[in-house]
Structure formats: structure tokens, C-alpha cells
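S.K.: The following block contains the structure, expressed as C-alpha cells.
2 protein chains.
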Amino acid sequence: MKKNKGMILVYTGNGKGKTTSALGTALRSIGYDWKVCMIQFIKGDWHYGEIESIRLLGSNMELYRMGKGFYHIMGDDQPEEEHRKAAENALEFARKKMLSGQYQLIILDEVLVSVHVKMLEEEALIDFLKDKPHAVHVILTGRGASERIIEYADLVTEMKEIKHPFQKGIPAVKGIDF
Amino acid sequence: MKKNKGMILVYTGNGKGKTTSALGTALRSIGYDWKVCMIQFIKGDWHYGEIESIRLLGSNMELYRMGKGFYHIMGDDQPEEEHRKAAENALEFARKKMLSGQYQLIILDEVLVSVHVKMLEEEALIDFLKDKPHAVHVILTGRGASERIIEYADLVTEMKEIKHPFQKGIPAVKGIDF
Chain A
1497 MKKNKGMILV YTGNGKGKTT SALGTALRSI GYDWKVCMIQ FIKGDWHYGE IESIRLLGSN
1557 MELYRMGKGF YHIMGDDQPE EEHRKAAENA LEFARKKMLS GQYQLIILDE VLVSVHVKML
1617 EEEALIDFLK DKPHAVHVIL TGRGASERII EYADLVTEMK EIKHPFQKGI PAVKGIDF
Chain B
1497 MKKNKGMILV YTGNGKGKTT SALGTALRSI GYDWKVCMIQ FIKGDWHYGE IESIRLLGSN
1557 MELYRMGKGF YHIMGDDQPE EEHRKAAENA LEFARKKMLS GQYQLIILDE VLVSVHVKML
1617 EEEALIDFLK DKPHAVHVIL TGRGASERII EYADLVTEMK EIKHPFQKGI PAVKGIDF
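So the sequence lines, in the order shown, correspond to chains A and B. My numbering applies: residue 1497 is where the first sequence begins, and numbers increase by one. My numbering applies: residue 1497 is where the second sequence begins, and numbers increase by one.
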């Protein structure tokens, strides 16, 4: 019997829940004893709780933190060379993992931000997706998914911020926000 | 030092990622060794992978399946009495758990659907939220969050469906969709 086609899922938008949804999907997949590889393109948004929680998932979940930290985009500065290099390396690493045959699910966390701020060429990400083996699932997260990426994906959810506690002056909360 | 205020988080909208985000948040909280109690108001959308994955989280995560299965709303049928009763019991049970002092996070999965289809009174859910102890966090999931619930919440994310694989004729996929 032909295996189900692996899907390309996109979690984008300005609201909370993109990386959280990817983590939830990883948790769910591991419930089926899948192997999951998560590669983090931007390091800034990760804290102790997430790293610890990924340890809870045991050897079925691997996390690689490849990014260089948040690149703050203001005006028309170009990303520095080291940021581009880090993003390209992360994508190359992800491709090897995806092609290794060891994982059912590959998560490229915040990769869409890397593309959005031109740390990574859109074309390079599309090429990566073209290389996807039939049965492997891929999740891309981050704000600013481009039209072409959306066109290429099977499932796209926009996490839209309706209300945010920072509007009410509540600071980020341990265990919930990080 | 005064403890941080526990937040009321709402994941709503027609897109994928609501329950998944709640699961991801649970995973993250357990990374901090919090205790999490998840109460499921509608049973239909849960499968083997999720139940298994929750077992992976060990004794820090409790799951209670209180709902009666999907209530299919068509035309102007009123929910049957047994569905109302099940939803009311689930909320009462959740209140006891919330007030027990044993948990840092209480998840009411699909409770917003129960309210939306009038299985549960909006007022009953608001009363529940009014009883929330200062430091406890509560997550409400489900489509159709009402204006009043949104007003009451601290953080609201709408998961908006931009593209869905069923549009392309791809059936639900094990490990990803369920």
C-alpha cells in the first residue's frame, strides 16, 4: 500500500501559538512513536521551559538550535553576513535530517521569519520543500509567510492576534509565554 | 512577593491549531514542573495519538474526557438534554479541579463550542472564570468565542484557516491531524 503523502504545514500570523502548535503537533506525533526533528532558525524566543519540555519527550524528539538570536529589523538595514550564513547552514542541516530517512516530522521553527527578513532566500526554502521525501511531514513556522510558500503548502493556519495581555500591561508569564 | 496573575487564554477560530496549541502550552508548562489538568468538553476530535502523547507527559498532566462526542448542529435543533448535562457536569468538575490548589494550568478543551451551540450557558462559563484563583492559568479552546468571553480573556488568538488540505482532496493524516 502506498504510504500517505507527508504534508507541508504552515503556522504563520502575528498571534501567539505558532511554535506552540508545532510543539503540540510534535507531542501528538510522538504519541504514535514517530521521530521528530525540530530545527530552530531564530534563537531569541526560546526559554528554559521549552527546552526542558522537549527533554520530556525523550529520544523521539531532537531539537537543534541553529539560529543566531533575534535579528532586529529596523529601517532598511540588511541582515549581517553571519546571520545569513547561520540561516543557510540551518537549512542545509535540516535537508540532511529530512533526507536521512530517520524522521517522520521535520519542524523548521521561525524559518518564515528568516525568509521574511531576507536572511534566507525564498527560493532556497522552496528548493528544500521540493526535496521533501514523499512520506515526511514538514512544519514551517513564523510570521510573514509569502504567497509562494502558501501556494506550496498543504495546510496554512494564520494565528491572528485578537487581544494580547501586553495591551493590558501584563508582562510575559513564565510557563505560558516562555 | 505577590505571585503573577494567572491568565485567561483563548484559542478560537476556524483553523487548525487550537487544541494543538493548548497541548503545546501544557508541554511547555510541564517543562517548569507545573501540574496541568485538561478537561475535554467534546469528545469527537480526539484520537489515539493525543491520548498516548498525554501519557508521555507523566503524572504532571491529567486528562479527563467528559464530553458526549460531537453534537452535530444543523438547522435549529436544540442540543439534547444529555449533552447539556454532560457539559454542565464537565464545568462543575473543572471548577473543583481549578479550586483544588493542585494545578497551575487548567485547560477547558472545546468548551467554547459547547457555549457556541448552547450546550452550556455563557453566563456559567463567565461565573467559572470569576472563580479563578489569582495564580491559576486557564485556557479555553474552540470555535466561536463570544464577545463577552473575549472581553473577559487576557489573550485571544484566532486560528484562521488560510488553506486546508481537504480543499485539495487530501484526507486527514494520522500523527498530524489526529
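Glycine included, each C-beta is placed from N, C-alpha and C at the ideal position.
Using a beta-carbon distance cut-off of less than 7 Å, what residues from the region 1636 to 1653 of chain A approach chain B?
M.R.: The residues in question are Ile1646, Ala1649, Asp1650, Leu1651, Val1652, Thr1653.
S.K.: Count Cβ pairs between the region 1542 to 1550 of chain B and the region 1574 to 1587 of chain B that sit closer than 8 Å; are there 3 or more?
M.R.: The region 1542 to 1550 of chain B, when compared against the region 1574 to 1587 of chain B, does not touch it at the 8 Å Cβ threshold.
S.K.: Should Arg1524(B) be flagged as near chain A, meaning a C-beta pair shorter than 7 Å?
M.R.: Taking the first residue of the second sequence as 1, we reach residue 1524(B) at position 28. True, the Cβ-Cβ gap to chain A drops below 7 Å.
S.K.: Hey, out of Ala1522(B), Glu1584(B), Asn1585(B), whose CA is closest to Leu1675(B)'s CA?
M.R.: Any property of residue 1675(B) remains undetermined from this structure, which presents chain B solely from 1497 to 1674.
S.K.: Would you list the one or two residues that DSSP bridges to Leu1601(B)?
M.R.: Residue 1601(B) sits at position 105 when you count from the first residue of the second sequence. Leu1601(B) pairs with Val1532(B), His1633(B).
S.K.: In the DSSP assignment, the alpha helix (DSSP H) including Glu1618(B) goes from what residue to what residue?
M.R.: Taking the second sequence and counting its residues from 1, one reaches residue 1618(B) at position 122. 1618 to 1626 is the extent of the alpha helix (DSSP H) around Glu1618(B).
S.K.: What residues of chain B sit near Ile1538(A), judged by a beta carbon separation below 8 Å?
M.R.: Position 42 of the first sequence holds residue 1538(A). Neighbours of Ile1538(A) on chain B: none; closest Cβ ~17 Å, over 8 Å.
S.K.: Could you tell me whether any Cβ in chain B is nearer than 7 Å to the Cβ of Ser1549(A)?
M.R.: Counting from one through the first sequence, the residue named residue 1549(A) turns up at place 53. Yes, contact with chain B.
S.K.: Whose C-alpha, out of Met1503(B), Asn1500(B), Tyr1507(B), is nearest the C-alpha of Thr1637(B)?
M.R.: Counting from one through the second sequence, the residue named residue 1637(B) turns up at place 141. That would be Tyr1507(B), whose Cα lies nearest to the Cα of Thr1637(B).
S.K.: So is Gly1597(B) in contact with chain A if we call contact Cβ pairs under 7 Å?
M.R.: For this step, residue 1597(B) is matched to residue 101 along the second sequence. By this cut-off, Gly1597(B) is not an interface position.
S.K.: What's the gap between the Cα of Val1532(A) and the Cα of Ser1642(B)?
M.R.: Residue 1532(A) sits at position 36 when you count from the first residue of the first sequence. Residue 1642(B) sits at position 146 when you count from the first residue of the second sequence. The alpha-carbon atoms of Val1532(A) and Ser1642(B) are separated by roughly 36 Å.
S.K.: Does the Cβ of Tyr1544(B) have 16 or more other Cβ atoms within 10 Å, making it buried, or fewer, making it exposed?
M.R.: Here residue 1544(B) corresponds to residue number 48 of the second sequence, with the count starting at 1. When all chains shown are included, Tyr1544(B) counts as exposed.
S.K.: For Thr1521(B), which residues does DSSP report across the bridge?
M.R.: Working through the second sequence from its first residue, we reach residue 1521(B) at position 25. BP columns for Thr1521(B) are empty, so no partner.
S.K.: Within the continuous alpha helix (DSSP H) that includes Arg1591(A), where are the two ends?
M.R.: Here residue 1591(A) corresponds to residue number 95 of the first sequence, with the count starting at 1. Per DSSP, Arg1591(A) belongs to the alpha helix (DSSP H) from 1577 to 1595.
S.K.: Would Gly1677(B) and Gly1513(A) qualify as a contact pair, given that the criterion is a beta-carbon distance under 7 Å?
M.R.: In this structure chain B extends from 1497 to 1674, so residue 1677(B) is not present and cannot be described.
S.K.: Are there three or more Cβ pairs, one per stretch, closer than 8 Å when the region 1618 to 1634 of chain B is compared with the region 1641 to 1656 of chain A?
M.R.: In short, these stretches do not touch, since the Cβ pair count stays below three.
S.K.: Whole-angstrom Cβ separation of Met1534(A) and Asp1650(A), contact assumed at under 8 Å?
M.R.: Looking up residue 1534(A) in the first sequence gives position 38. Looking up residue 1650(A) in the first sequence gives position 154. Met1534(A) to Asp1650(A), Cβ: 19 Å. No contact.
S.K.: Within 7 Å (strictly less), CB to CB, does Asn1510(B) reach chain A?
M.R.: Counted from its first residue, the second sequence places residue 1510(B) at position 14. Taking Cβ atoms only, chain A never reaches closer than 7 Å to Asn1510(B), which makes this a no.
S.K.: Between Gln1600(B) and Gly1563(B), is the Cβ-Cβ spacing less than 7 Å?
M.R.: Translated into positions along the second sequence, residue 1600(B) becomes position 104. Translated into positions along the second sequence, residue 1563(B) becomes position 67. No. Outside cutoff.
S.K.: What is the rounded straight-line gap between the Cα of His1630(A) and the Cα of Ile1646(A)?
M.R.: Position 134 of the first sequence, counted from the start, is the residue given in the question as residue 1630(A). Position 150 of the first sequence, counted from the start, is the residue given in the question as residue 1646(A). For His1630(A) and Ile1646(A), the distance between alpha carbons rounds to 19 Å.
S.K.: Could you please give the first and the last residue of the uninterrupted beta strand (DSSP E) stretch that includes Leu1505(B)?
M.R.: Taking the first residue of the second sequence as 1, we reach residue 1505(B) at position 9. That run of the beta strand (DSSP E) goes 1504 to 1508.
S.K.: Along the chain, where does the alpha helix (DSSP H) containing Leu1720(B) start, and where does it finish?
M.R.: Residue 1720(B) lies beyond the residue range present for chain B, which begins at 1497 and ends at 1674; the question has no answer from this structure.
S.K.: What's the C-alpha gap between Gly1509(B) and Leu1608(B)?
M.R.: The residue given as residue 1509(B) occupies position 13 in the second sequence. The residue given as residue 1608(B) occupies position 112 in the second sequence. Each residue's alpha carbon lies about 10 Å from the other.
S.K.: Against Glu1546(B), what residues of chain A qualify as contacts under a CB-to-CB distance less than 7 Å, listed in chain order?
M.R.: Sequence index remark: in the second sequence, residue 1546(B) carries index 50 (1-based). Chain A residues near Glu1546(B): Arg1524, Gly1527.
S.K.: How would you label Met1570(B), buried or exposed, when you count the other beta carbons within 10 angstroms and need 16 or more for buried?
M.R.: Translated into the one-based positions of the second sequence, residue 1570(B) becomes position 74. With a pLDDT of only 45 at Met1570(B), under the threshold of 50, the placement of this residue in the model should not be trusted; the figure read from the coordinates follows. Met1570(B) comes out exposed.
S.K.: Per DSSP, Lys1439(A) forms a beta bridge with which residues?
M.R.: Only positions 1497 to 1674 of chain A appear in this structure, which leaves residue 1439(A) out of reach.
S.K.: Would you please verify whether the beta carbon of Ser1517(A) is less than 7 Å from any beta carbon of chain B?
M.R.: Along the first sequence, read from residue 1 onward, the residue named residue 1517(A) stands at position 21. So yes, Ser1517(A) belongs to the interface.
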